[in-house]
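>
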DNA sequence: CTCTGACATGTCAGTTTTGACATGAAAGCT
DNA sequence: AGCTTTCATGTCAAAACTGACATGTCAGAG
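Protein chains in written order, with this note's numbering: chain A, 266 to 440; chain B, 266 to 440.
(1) Which bits of chain B does residue 421 of chain A rub up against, with CB to CB less than 8 angstroms?
(2) Select from B:370, B:284, B:350 the residue whose C-alpha is nearest the C-alpha of residue 358 of chain A.
(3) Can you pull the chain B neighbours of residue 287 of chain A, defined as C-beta to C-beta under 7 angstroms?
(4) Excluding five sequence neighbours on each side, which residues of the same chain lie with their C-beta closer than 6 angstroms to the C-beta of residue 368 of chain B?
(5) Got a sec: which bits of the stretch 321-355 of chain A sit with their beta carbon under 9 angstroms from any beta carbon on chain B, in order along the chain?
(6) Taking the alpha-carbon positions, what's the residue 418 of chain B to residue 280 of chain B distance?
(7) Please give the ranges of any alpha helix (DSSP H) in the stretch 309-380 of chain A, keeping only runs that are unbroken, at least 4 residues long and fully inside the region.
(8) Can you tell which of A:356, A:310, A:285 has the C-alpha that lies nearest to the C-alpha of residue 248 of chain A?
(9) Counting only C-beta atoms, is residue 301 of chain B closer than 8 angstroms to chain A at any point?
(10) Contact between the stretch 328-336 of chain A and the stretch 310-319 of chain A is defined here as three or more beta-carbon pairs at a separation below 8 angstroms; is this criterion met?
(11) List the whole-angstrom C-beta distance separating residue 272 of chain A from residue 340 of chain B, where the pair is believed to meet the contact cut-off of C-beta under 8 angstroms.
(12) What is the C-beta distance between residue 390 of chain A and residue 413 of chain A, in whole angstroms, given that I count them as a contact (C-beta under 8 angstroms)?
(13) Chain A partners of residue 374 of chain B, CB-CB under 8 angstroms?
(14) Taking the straight line between their C-alpha atoms, what separation do you get for residue 347 of chain A and residue 324 of chain B?
(15) Which residue wins for smallest C-alpha separation from residue 266 of chain B, given the options B:303, B:300, B:338, B:353?
(16) Could you compute how far the alpha carbon of residue 274 of chain B sits from the alpha carbon of residue 297 of chain B?
(17) Are the CB atoms of residue 362 of chain A and residue 343 of chain B within a distance shorter than 8 angstroms?
(18) Using a Cβ-Cβ distance cut-off of 8 angstroms, determine whether residue 212 of chain A contacts chain B.
(19) Look up residue 278 of chain A in the DSSP assignment and say whether it is helix, strand or coil.
(20) Please tell me whether residue 270 of chain A has its Cβ less than 8 angstroms away from any Cβ of chain B.
(21) In this structure, does DSSP put residue 438 of chain B in helix, strand or coil?
(22) With distance defined between alpha-carbon atoms, name the residue in A:303, A:372, A:364 nearest to residue 409 of chain B.
(23) At 7 angstroms on the CB atoms, spell out the chain A contacts of residue 294 of chain B, in chain order.
(24) Excluding the five sequence neighbours on either side, which residues of its own chain have a C-beta within less than 6 angstroms of the C-beta of residue 284 of chain A, listed in chain order?
(25) From the beta carbon of residue 410 of chain A, is the nearest beta carbon of chain B less than 8 angstroms away?
(26) Looking only at its chain, what residues have a beta carbon closer than 8 angstroms to the beta carbon of residue 427 of chain A, apart from the 5 residues adjacent to it on each side?
(27) Let me know the secondary structure DSSP gives residue 290 of chain B once reduced to three states.
(28) Do you know whose CA, among A:438, A:392, A:360, lies nearest residue 420 of chain A's CA?
(29) Which of the three DSSP states is assigned to residue 412 of chain A in this structure?
(30) Answer yes or no: does any C-beta atom of chain A fall closer than 8 angstroms to that of residue 366 of chain B?
(31) Whose C-alpha, out of B:370, B:312, B:293, is nearest the C-alpha of residue 345 of chain A?
(32) Which residues in chain B have a C-beta closer than 9 angstroms to the C-beta of residue 274 of chain A? List them in chain order.
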């Protein structure tokens, strides 16, 4: 569905273009490499969700476009299929397991993540601002805003967790 | 690693208990059903990360405990292995694809998510508060706090997005 | 004219994940 | 004694995903 949606929002593209576009837009929420994208496009053509044009294109490129059926399928999925709210986030997982480390070790981890999410939030803020500028262009920047807010939340959490850990350490070892 | 960490933090458990425990604690960041947990425990026993005691237990239950090697492996993973920062988040994905819907359709989706994450944030706040009470018990509540912060961020985003969408709709159809 | 890099498409083996199917033991209720 | 629920463990086929391998085109630089 990520791929189909991307194809629709691009208004037609090649697998290669889609792969490029995947990293850089929805990459932050769902990843797919070209080895997943190419077979998936074939399947979608077979399912009638997507049309392909293989003719007269440089370097044997194929041009894909969504069919009406494909658009309808995506719409149905968005509106009628109950979302799977399971999230897979290794950083958050590590934050859970962090409680098994010593405070010193935990602080190292926290520092690394804090920095990472600070940068990520920064980048997403820029992206959101750029997208918000485009006047006619729908509300695609909602996605960037969400990414920004989640990254900021994680960054602030890491900061809070660091302070909390330092506080505890002082309490436990009052030299 | 999620499973191993959970086992360590429980200080030994059965596959069944681990499955229960999985949903309700790390569930929010990484999911695994029993059909994944049972084979994985067998593999970890083979790898020497975990010990099993099958004797004299009611209903044929098996009791698993982490070995020193298992603890060391988890610690190494946390401290030395570069985290995979790929995130899979269907809600965020849908927020990206939302831009392909009409404002009315988008509003329906947003309302649903807003409500869902409001509830989730509430539940996690309670969990965090409960965990924070336990005095000796490490800093396992860090995880609940992170979940709470992320859920809150999504909830607030949904609220913001709804307002933003309504604003636009009014601009475009000034009856 | 060669070489490098971006364009472009695939395959494949191995791992992970999902959802359905399957089985049985113990506890509690009526 | 029969019934239901919770405890408890598994298997299996199908789908999704990853990383490595493999191939070829075209444009621009030197």
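Don't be surprised by glycine CBs; every beta carbon is placed ideally from N, CA and C.
Quantities reported herein were computed from a predicted structural model and do not represent experimental measurements.
Concretely, from the data shown:
(1) Residues of chain B passing the Cβ test: 414.
(2) Measuring from the Cα of residue 358 of chain A, the nearest candidate turns out to be B:350.
(3) Within 7 angstroms of the CB of residue 287 of chain A, no CB atom of chain B is found; the nearest one sits about 11 angstroms away.
(4) For residue 368 of chain B, where only same-chain residues beyond five positions count, the Cβ hits under 6 angstroms are 430, 434.
(5) Residues of the stretch 321-355 of chain A with a C-beta atom less than 9 angstroms from some C-beta of chain B are 336, 339, 340, 342, 343, 344, 348, 349, 350, 351, 352, 353, 354, 355, listed in chain order.
(6) Residue 418 of chain B and residue 280 of chain B: Cα-Cα distance of roughly 34 angstroms.
(7) Given a length threshold of 4 residues, each whole run of the alpha helix (DSSP H) inside the stretch 309-380 of chain A is given here in chain order: 333-345, 355-362.
(8) Nothing about residue 248 of chain A can be reported from this structure: the residues present for chain A run from 266 to 440 only.
(9) Chain A, which has no Cβ nearer than 8 angstroms to the Cβ of residue 301 of chain B, makes this no.
(10) Yes, the stretch 328-336 of chain A touches the stretch 310-319 of chain A.
(11) Contact flag wrong, Cβ pair sits at about 44 angstroms.
(12) A Cβ-Cβ distance of about 5 angstroms is found for the pair residue 390 of chain A and residue 413 of chain A, placing them in contact under the 8 angstroms criterion.
(13) In chain order, 343, 344 make up the part of chain A whose C-beta sits under 8 angstroms from the C-beta of residue 374 of chain B.
(14) If I take the Cα positions, the gap works out to 36 angstroms.
(15) Its Cα nearest to that of residue 266 of chain B, the residue B:338 stands out among B:303, B:300, B:338, B:353.
(16) If you draw a straight line from the Cα of residue 274 of chain B to the Cα of residue 297 of chain B, it is about 17 angstroms long.
(17) Contact: yes.
(18) With chain A represented from 266 up to 440, any question about residue 212 of chain A goes unanswered, as that position is not in the structure.
(19) DSSP places residue 278 of chain A in strand when its eight states are reduced to three.
(20) Among the residues facing chain B, residue 270 of chain A is included, as its CB has a counterpart in that chain under 8 angstroms away.
(21) If DSSP states are grouped into helix, strand and coil, residue 438 of chain B belongs with coil.
(22) Here the closest residue by C-alpha is A:364.
(23) Within chain A, the residues whose beta carbon sits less than 7 angstroms from that of residue 294 of chain B are 352, 354, 357, 358, 361, listed in sequence order.
(24) Close CB contacts of residue 284 of chain A within its chain, under the 6 angstroms cut and outside five residues either way in sequence, are with 299, 302 (chain order).
(25) It does; some Cβ of chain B falls within 8 angstroms.
(26) Hits under 8 angstroms: 372, 375, 376, 379.
(27) Note: residue 290 of chain B maps to coil in three-state DSSP.
(28) Cα-wise, what sits closest to residue 420 of chain A is A:360.
(29) Correct three-state label for residue 412 of chain A: helix.
(30) Closer than 8 angstroms to some Cβ of chain A, the Cβ of residue 366 of chain B qualifies, so yes.
(31) Restricting attention to B:370, B:312, B:293, the CA atom closest to the CA of residue 345 of chain A is found in B:370.
(32) Contacts between residue 274 of chain A and chain B, judged by CB atoms closer than 9 angstroms, involve 361, 362, 364, 365 in chain order.
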